[in-house]
Every structure is written in structure tokens, then in C-alpha cells.
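**Student:** Going by my numbering, the sequence shown opens with residue 17, and the numbers climb by one from there.
Can you keep this structure in mind? I'll have questions shortly.
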Amino acid sequence: MNNCKGINFIKGVFFTLSLLGAQGAFAQFSKLNGTVVEKVSHKPIQYANVSLTYLNDSSVYGTITNERGEYLIDHLKEGKCKLNISFIGYQTYALDSVFISRGKNSLEKVDLDILTENLEEVIVTTNGSGIVYNVDRKVIQAQNFPGADVAMDLLVNIPSLQVDIDGNLTYRGDGTFSVYINGHLVKDGEEKLRQLSANEIEYIEIITNPSAKYSAEGTAGIIQVILKRNRLEGYLVSTTAKTSTLGSYEWLFSVDQKGERGGWYLKGQLEDYVSSKSTITTHQMIYQDAIENSTFSVIDKKFRMENNYLELGLNYDLTKKDYIDFNISVDPLKRSNIGTYKGFYEDQNIVSSEIVAADSYLYDALFELYYKYFETTLSYEHAFSKDRNHLLSAYISYSGSLESLNEKKVDTKIYDDFTETVGYMGGERGEKYIEGNVGYKNKLTESSTLEIGSEIKLFHIPEISYTSGYVENEIITPFSDEPEEQKVDFKQNIYAGYLSFNSKFGDLEYMLGFRTEYTDRYSNYDYINDEGESCYIPAEKDFIDFFPSAHVLYSFSEEKQLSASFSRRISRPDYWSLIPLSRYETPYIYYTGNGDLSPSYASSYELNYLLSWDKNYFSTELFARKNKNVKQSYYSIIDDNKILFTKRNVGYSWSIGTELMLNINIYKWWNTNFTSSLFWYKLNVELEGEERFKEKFRTDYKLNNTFKIGNSLSFKSAISYCSSSVYSQLKQEAYWYSNMALKKSFADRKWQLQLAWTNVFNTMKYHTFSEGDGFYVDTYFERSPFVSMTITYRLDNQE
């Protein structure tokens with residue numbers, strides 16, 4: 017099908033939708049289906065190419081396998097064909113004579129065997145847009161987007177993902193994600209997305225309405241990272257070096273060895289990564305009685321992270337039915353987050369429009385956080401049947417501190433005649449996290465599968481302590497009103513069980529699930545008050561929740577699919593939002609946790625339609641999501657021209673709208689991908705005994721282009737527009753930005769060089785305006801552009 021015909025499909029998509037039922041009812045074409053698996057492990061092979069060539073006229077029909085290794089080719093005619101099934105790293109399966117009869121045709125399961133010849137010279141390219149829209153998820157192909165350093169960079173290509181003012185990933189106005197890596201939930205998921213190198217990633221899946229077998233955590237669903245996997249035997253050695261004009265440097269290495277029944281890998285990283293460099297201009301006004309307190313500041317902020325680790329992994333097939341995977345990751349050097357702040361403040365006290373007092377000072381601040389960590393995991397699978405449809409699996413992970421987390425922020429205020437140094441010091445002691453699960457899957461009939469399982473997540477930090485005050489020679493003297501010896505003992509344990517049933521009738525597939533989770537948490541606070549008395553404030557809570565889910569998929573053909581889904585989700589507060597410690601943040605802002613903060617809940621409904629032709633596609637998604645107990649930062653006035661912020665449940669919200677995605681290969685050398693998210697967002701704020709509404713129609717757009725120049729050179733560009741947004745106390749204006757990258761391969765693709773330019777036109781600039789009872793704050797953010805260079809070397813002798 018040529019491009020013109022594809023565009024005609026786009027123009028007629030709504031007419032097509034209205035005729036879908038009729039097409040399914042009266043179509044008289046033939047169909048062919050089957051399954052492709054690995055010969056040794058019998059695991060399904062995803063994205064294998066399946067093609068049929070008719071012997072009488074050489075016409076060709078084809079598709080790729082899904083995540084279960086299944087394929088379906090429809091709209092076939094009767095006749096004799098040649099079948100070919102191929103996947104990189106495996107021997108091609110060929111069947112010279114297949115007769116396609118009228119109706120549905122099924123083939124036996126095909127086992128692909130590993131290639132025994134060296135594939136060093138094979139060049140694998142992708143002609144897709146980099147985003148594949150599967151039935152229940154969006155898939156981002158990591159190698160297709162310019163300037164991606166870490167996993168978080170890849171997510172900018174999803175139409176409805178935004179990063180809010182606190183740096184958190186949000187979806188359709190509200191909502192949080194859980195993060196999985198290769199099928200296993202990870203703690204501090206968003207932090208992991210900022211640390212995980214894009215070079216390690218095969219693709220990222222966005223699952224907005226997860227089934228019951230996944231954790232219910234995250235009101236927006238799940239982000240699952242699938243790391244690159246190696247299917248050949250032998251050694252693969254890879255190393256990458258990177259630097260940028262922000263002052264970053266990074267070095268990664270990995271050694272991967274595979275054998276007939278297993279293998280091992282060793283990888284590590286040394287990184288000093290400057291995540292952002294920006295200028296923040298703020299005007300803050302506080303009204304107290306008849307006095308107006310005005311503060312103006314201009315601060316240059318630079319934030320960098322040192323992420324250093326070593327990881328060793330082993331995997332082995334104990335028998336033909338038993339498999340284990342083990343890995344351990346340690347920090348040989350301390351990890352760190354370091355922020356520097358330089359600028360000035362100007363203060364004025366105004367009475368009856370007259371300045372009665374004024375002051376100014378230079379500002380030089382340093383934030384430092386250090387820790388050492390380790391993690392170890394063990395996975396086990398037992399296959400009762402050769403096709404792995406009857407399976408028992410278990411997983412356990414333990415992580416904790418090798419060295420306690422230590423944190424401090426020291427602000428130096430330089431006046432004309434003296435200098436004052438204030439800040440906070442503290443840290444965390446004894447952190448540990450245990451996660452485990454057991455799952456059982458059984459294929460009850462040819463078309464029905466039952467899955468049941470249980471999970472535990474145990475998280476405990478026995479001591480969290482911080483002190484705010486005057487700092488001199490690394491010694492802190494508490495402020496006069498500061499509680500002494502503040503300590504918090506935090507624990508959160510979650511126990512879960514789930515049941516999921518999947519079945520299929522012809523082209524209709526459905527999945528029903530039910531999950532229950534019990535949460536037991538406390539954030540108990542003790543301190544010494546002004547009179548020297550020991551005080552203890554318990555904050556304990558336990559609750560049980562139920563999470564149903566339902567998914568329905570109808571496949572009119574491999575090119576046309578319609579799906580609907582529903583799920584209920586939860587977003588528990590992170591531990592830092594719960595601990596009730598009061599802490600200095602800046603000269604005019606203090607922070608305290610909220611031990612009474614409740615979880616947020618989301619009910620999500622989606623209707624999706626996908627139309628594809630050749631290597632192009634168009635998809636549309638209608639959605640509605642209601643969030644209850646929305647968590648946001650909340651600001652209020654305290655004495656002496658200062659503002660206190662904390663996390664609070666501000667009310668509930670609705671998001672209703674549509675997403676559109678269009679991917680077209682204009683030429684063989686030019687691919688373009690356009691995505692948009694159009695939705696109405698309404699926040700019903702219920703605070704301080706009053707109710708008010710915040711509404712906004714959001715229009716976010718993204719355009720990506722990839723140009724291939726020969727087999728070894730490519731140029732990529734991305735443009736994004738982020739519309740204005742509203743929160744309970746804040747409005748953020750719209751902005752846009754553009755990224756570019758040029759990539760070149762050398763020496764039979766052993767070497768690869770990439771030059772990337774981020775924020776090309778210096779347009780990452782926007783205002784935020786927040787107001788509350790007796791105050792407003794107007795802030796202008798400006799992110800600096802930068803250029804980065806990455807060089808990679810791969811030595812591959814795998815066969």
C-alpha cells in the first residue's frame with residue numbers, strides 16, 4: 017500500500033470505525049495463525065517476522081509476533097504459499113508448501129534455533145517511528161530518539177506525559193507511575209529512570225490500565241523498562257564515554273558472556289552527571305496585617321549527580337524445566353547529589369505604599385547528599401509443560417544501605433558588613449527493603465489461562481533525623497524555636513494477592529482480574545521540646561483496598577484493533593511526604609511532612625483504536641480518569657516573612673480527553689511521528705473548609721523526525737509543546753523546546769559517535785504563579801541549552 021492510499025485511510029478513519037462491525041460480519045477472507053518460541057527454553061519470541069508468499073503470483077503477506085509469540089495474518093486468499101519465520105540471532109524457519117483454505121487456518125508451534133554462524137556483519141535497522149502501539153501499552157524503542165541520556169529522556173515522546181513543577185512524572189494532569197525493570201517492581205522508580213542509561217534499554221512500555229497481576233501502586237499505571245538481552249553464545253564487550261558542555265562526564269562498561277545453558281554479565285558506571293543548569297527569578301509577596309513583605313531573588317542553579325556502581329548477574333538453566341537468575345549490585349564509591357546556588361536576594365517591608373525597611377545580600381548555597389547502597393535479587397521459574405503455559409515463578413529482592421545517607425544544605429548570606437551561614441544537617445540510618453512474590457499460571461483450555469499469586473513489600477527506615485540552624489565549621493547550632501533531637505521511625509509493609517483470568521472467543525479476547533492489598537504503615541516522631549521534655553507523636557495507619565480490572569480486545573485484523581479497559585489504582589505517599597520533621601529549605605521557605613496524608617485513588621477508563629498500513633500507523637485513544645485524594649504541595653504563611661510547604665490531599669480531579677498518534681514513512685529515508693494529547697482537566701479543591709474549582713483544557717503536541725543518510729549516518733530532531741497547567745495553588749504557563757542529534761557509525765559499526773543538542777533554541781522558559789491566603793509567588797524558570805558528545809565501542813564475538 018503506497019503513502020497516498022495510507023493518507024486516504026487517515027481521512028476515512030471515522031467512517032471506517034462506523035463500519036467495523038459490518039466488516040467483521042461479512043468478511044470472507046482466510047486467516048492464518050500460530051505461535052513462535054525459542055527451541056531450548058520454549059519462551060515466546062516477540063517481534064519475529066512472519067511472511068507468506070503465494071506461489072502462483074508471488075504476492076506477499078506478513079506480520080510480526082506479539083508478546084506471547086503469537087501471530088495472525090488475515091485477508092488472505094485461497095492457494096499454496098511459502099512460509100518464512102525469522103528473528104535476528106536465530107535460524108530462519110521455512111516451509112515450502114502451505115495450503116491456505118477458506119476460513120481459519122492454524123499451524124503447529126514453530127521452534128526457532130539459535131544461529132551457529134557469526135553475525136558480526138549483520139546490520140539491523142528499524143524503519144518504524146520508535147513508538148509501537150500494542151493492545152494494552154505503548155512501546156518506546158530506545159534507539160530511535162535523539163539526545164536520550166537516561167530512561168526519563170525517552171518518556172518525552174509519550175503525548176500525555178509531563179514533568180510537574182516538583183520534578184515528578186505526571187500523566188493526564190495527575191497520577192503517578194510504578195516502575196518495573198524486566199518484569200520486577202523497583203523502589204524509587206522515578207529516581208531509577210533518571211539513573212538508568214538509555215544505552216542499556218531495548219524499549220519502554222507504558223501500561224496505563226494494568227491487569228491485576230501487577231502492583232496497584234501508581235494512579236497513572238506502570239512504566240516497564242525492558243533491558244537489552246543477548247540471545248547468542250560468546251562474549252559481548254561494550255564501553256561508552258560521554259561528556260557535555262554542562263560539565264558532565266560518564267563512563268560505562270559491560271561484559272556479557274552467554275553459553276548453551278546460561279551465562280553471566282558484569283557492568284559498571286562512573287558518572288558525574290549535570291542534570292540541569294538553570295536561572296530562577298522569583299518575586300514573593302506576603303501580606304501580614306498592614307505590612308507587605310516583598311522578596312526578590314535571582315538564583316543560578318546547577319544540579320549534578322555522581323552515580324557509581326558495579327553489578328554482577330548470573331543466569332542458568334538447572335534443567336529443561338528449571339531456570340534461575342541472580343544479580344547483585346553494589347556502590348564501590350559513594351553516590352551523591354550536589355546542588356549549587358548562586359545569586360542575590362532583596363527584601364523590602366512596605367507600609368502604606370512606602371518602603372520602611374530594605375535589605376539585600378549575596379547568596380551562595382551548597383546542597384550535598386551522600387550514600388552507598390546495595391541490592392541483590394534471585395528469580396526462579398519451574399515449567400510444568402514444554403510450552404511454558406503451566407508455570408510456577410518466584411522472586412525475592414533485598415536492598416539496603418552500605419553506608420548511611422547523609423544530607424546537608426548550607427546557605428551563606430553575604431551582607432555588606434557581615435556573613436550569616438544557616439541550613440540543615442541530617443540523614444537516614446539502617447534503611448532496608450524486601451520484596452518477594454510467588455506466581456502460578458496454568459492454561460486451563462486451549463483459549464483460557466488462569467494466573468494467581470501473592471506479593472510482599474517490606475520497607476523500613478528505623479531512624480530519620482534532621483536539624484535546622486546556624487552552621488559553622490560543619491557544626492550546626494539549632495534555631496531557638498527548633499525542636500531538638502528530632503527523629504522519625506518509618507515503616508510501610510504491603511501484602512497482596514491477585515487472580516487473573518484470560519480467555520478468547522474467535523477474534524475477541526478478554527481478561528478479568530481482581531487484586532487486594534493490605535497496607536500497614538507508621539511514621540512515629542519523637543523530639544525534645546523547649547522545656548527539655550521528651551515528646552512522642554505516633555502516626556500509624558493500616559488499611560485494605562480492592563482493585564478490579566477488565567480488558568477487552570477485538571482484532572478485526574492485524575492492522576485494525578479495538579480495545580477497552582478499566583482499572584482502579586492507588587498512589588501511596590512516599591515516605592518523605594509522611595515524616596513530620598520541620599526543616600529549613602531556603603531563607604524564606606520551610607518544609608514539614610504530613611503523617612496524616614492519605615493515598616490517592618484513580619479509576620481509569622479507556623477506549624483505543626489502532627489502524628496501521630505498511631510501516632505507518634494511526635491510533636486514537638479516548639479516556640476518562642477520576643482521581644480521589646489528589647496529593648499536591650500546599651503552601652501557607654508562617655512568621656517572619658516565611659512560607660511553609662507540605663504535601664496535602666487537596667481534593668479530587670477529572671481528566672477527560674483523547675490522544676492521537678500518527679506515524680508515517682514519507683520516504684525510505686524520512687520518518688515522521690506526531691502525537692497530541694487534548695484533554696479537559698478539572699480539579700475540585702477542598703481545603704480549609706471551602707470548595708473551589710480549577711479547570712484547564714490541555715493541548716500538548718510532539719513532533720519527531722528521523723532522516724537516514726546512507727547506512728551509517730542519521731539525523732534526528734524533536735519538537736515539543738507543553739500547554740499551561742493548573743494546580744491547587746499554582747498556574748504554570750506554556751512553553752516549547754527542540755532537541756537534535758547526529759549519529760555516525762564507523763569500522764563495521766564497532767564504533768559509534770553521537771552529537772546531541774538539547775534545548776536548541778533556548779526556549780525552555782516559563783512562569784509559574786502561586787497564591788494563597790495572604791501571599792503570592794511569581795517565579796520565572798530558564799533552562800540552559802547544552803551540547804553533548806557520546807562515543808561507544810562494541811566488541812562482539814558472539815555466535
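Backbone N, C-alpha and C define an ideal beta-carbon position, used for all residues, glycine too.
If the criterion is Cβ atoms closer than 9 Å, does the pair residue 775 and residue 304 meet it?
**Tutor:** Result no, Cβ atoms of residue 775 and residue 304 do not sit closer than 9 Å.
**Student:** From the DSSP output, which residues share a beta bridge with residue 365?
**Tutor:** Paired residues: 309, 373.
**Student:** Using DSSP with H/G/I as helix, E/B as strand and the rest coil, what is residue 591?
**Tutor:** It is helical.
**Student:** Could you please give the first and the last residue of the uninterrupted beta strand (DSSP E) stretch that includes residue 406?
**Tutor:** Note, residue 406: premise wrong, no beta strand (DSSP E); not H, not E.
**Student:** Buried or exposed for residue 799, going by 16 or more other Cβ atoms inside 10 Å?
**Tutor:** Burial call: buried.
**Student:** Locate the beta strand (DSSP E) running through residue 734, then write down its first and last residues.
**Tutor:** Unbroken beta strand (DSSP E) run through residue 734: 729–738.
**Student:** With DSSP as the reference, identify every bridge partner of residue 772, one or two as the case may be.
**Tutor:** Answer is 757, 804.
**Student:** Which residue comes first and which comes last in the beta strand (DSSP E) that contains residue 545?
**Tutor:** Note, residue 545: premise wrong, no beta strand (DSSP E); not H, not E.
**Student:** Under 8 Å, with one C-beta from each stretch per pair, do the stretch 250–261 and the stretch 558–569 reach the 3-pair mark?
**Tutor:** Cβ pair count under 8 Å is below three, so no.
**Student:** Starting from the C-beta of residue 51, find all residues in its chain whose C-beta is less than 6 Å away, skip the five residues before and the five after it, and write them out in chain order.
**Tutor:** So the qualifying residues of the chain are 85, 86, 125.
**Student:** Check whether the Cβ atoms of residue 641 and residue 254 lie closer than 9 Å to each other.
**Tutor:** Contact flag unset, no.
**Student:** When burial is assigned at 16 or more other CB atoms within 10 Å of the CB, is residue 562 buried or exposed?
**Tutor:** So residue 562 counts as exposed.
**Student:** Quick check on residue 167: does DSSP put it in helix, strand or coil?
**Tutor:** Helix.
**Student:** Which residue's Cα is closest to the Cα of residue 637: 661, 430, 693?
**Tutor:** Answer by Cα proximity: 693.
**Student:** Could you tell me the distance, in whole angstroms, from the CA atom of residue 384 to the CA atom of residue 603?
**Tutor:** Residue 384 and residue 603: Cα-Cα distance of roughly 17 Å.
**Student:** Quick check on the burial criterion: 16 or more other C-beta atoms within 10 angstroms. Buried or exposed for residue 68?
**Tutor:** Buried, by the Cβ-count rule.
**Student:** I think residue 569 touches residue 579, with their Cβ atoms under 8 Å apart; what is that distance to the nearest whole Å?
**Tutor:** Residue 569 to residue 579, Cβ: 4 Å. Contact.
**Student:** Tell me the start and end of each unbroken alpha helix (DSSP H) in the stretch 567–637 that is at least 4 residues and wholly inside, in chain order.
**Tutor:** You should have 591–594.
**Student:** What are the boundary residues of the beta strand (DSSP E) that includes residue 233?
**Tutor:** Per DSSP, residue 233 belongs to no beta strand (DSSP E) and is neither H nor E.
**Student:** What does residue 518 pair with, by DSSP beta-bridge criteria?
**Tutor:** DSSP, once it has assigned bridges, lists 465, 527 as partnering residue 518.
**Student:** Just the C-alpha distance for residue 484 and residue 468, rounded to the nearest angstrom, thanks.
**Tutor:** Approximately 49 Å between the Cα atoms of the pair.
**Student:** Quick check: the Cα distance between residue 412 and residue 100, rounded to an integer number of angstroms?
**Tutor:** Between residue 412 and residue 100, the C-alpha separation is close to 40 Å.
**Student:** Grouping DSSP H, G and I as helix and E and B as strand, with all else coil, what is residue 209?
**Tutor:** The answer is helix: DSSP assigns residue 209 an H, G or I state.
**Student:** For residue 39, name the three-state secondary structure that DSSP assigns.
**Tutor:** Because the pLDDT at residue 39 is just 39, under 50, the model does not fix this residue reliably, and the point stays unresolved.
**Student:** In its own chain, which residues sit with a C-beta less than 6 Å from the C-beta of residue 795, not counting the 5 before and 5 after it?
**Tutor:** Once the five neighbours on either side are set aside, the close Cβ partners of residue 795 are 298, 784.
**Student:** Please confirm if the stretch 676–690 is in contact with the stretch 700–716, defined as three or more CB-CB distances below 8 Å between the two stretches.
**Tutor:** Output reads no: the stretch 700–716 does not touch the stretch 676–690.
**Student:** What's the gap between the Cα of residue 102 and the Cα of residue 121?
**Tutor:** Taking the straight line from one Cα to the other gives about 20 Å.
**Student:** Would you mind stating whether residue 48 and residue 111 have Cβ atoms separated by less than 9 Å?
**Tutor:** No, the pair does not count as a contact, with Cβ atoms beyond the cut-off.
**Student:** Run the CB neighbour count on residue 133, radius 10 Å, all protein chains shown included, and call it buried at 16 or more, exposed below.
**Tutor:** Reliability fails at residue 133, whose pLDDT of 42 lies under 50, so the model's placement of it is uncertain and the value that follows must be treated cautiously. Exposed, by the Cβ-count rule.
**Student:** In terms of residue numbering, what span does the beta strand (DSSP E) encompassing residue 129 cover?
**Tutor:** Note, residue 129: premise wrong, no beta strand (DSSP E); not H, not E.
**Student:** Determine the direct distance from the alpha carbon of residue 391 to that of residue 806, and round the result to whole angstroms.
**Tutor:** About 29 Å.
**Student:** Among 635, 662, 714, which one has its Cα closest to the Cα of residue 670?
**Tutor:** That would be 714, whose Cα lies nearest to the Cα of residue 670.
**Student:** Are the beta-carbon atoms belonging to residue 541 and residue 611 less than 9 Å from one another?
**Tutor:** Going by C-beta atoms, residue 541 is nearer than 9 Å to residue 611.
**Student:** Starting from residue 494, trace the beta strand (DSSP E) both ways and give me its first and last residue.
**Tutor:** Looking at the DSSP string, the run of the beta strand (DSSP E) that includes residue 494 is 491–494.
**Student:** Roughly how many whole angstroms lie between the Cα atoms of residue 831 and residue 283?
**Tutor:** Limits of the chain in this structure are 17 at one end and 815 at the other, which puts residue 831 out of reach.
**Student:** Determine, using beta carbons only, whether residue 344 and residue 380 come nearer to each other than 9 Å.
**Tutor:** It is not a contact, given that the beta carbons lie outside the stated cut-off.
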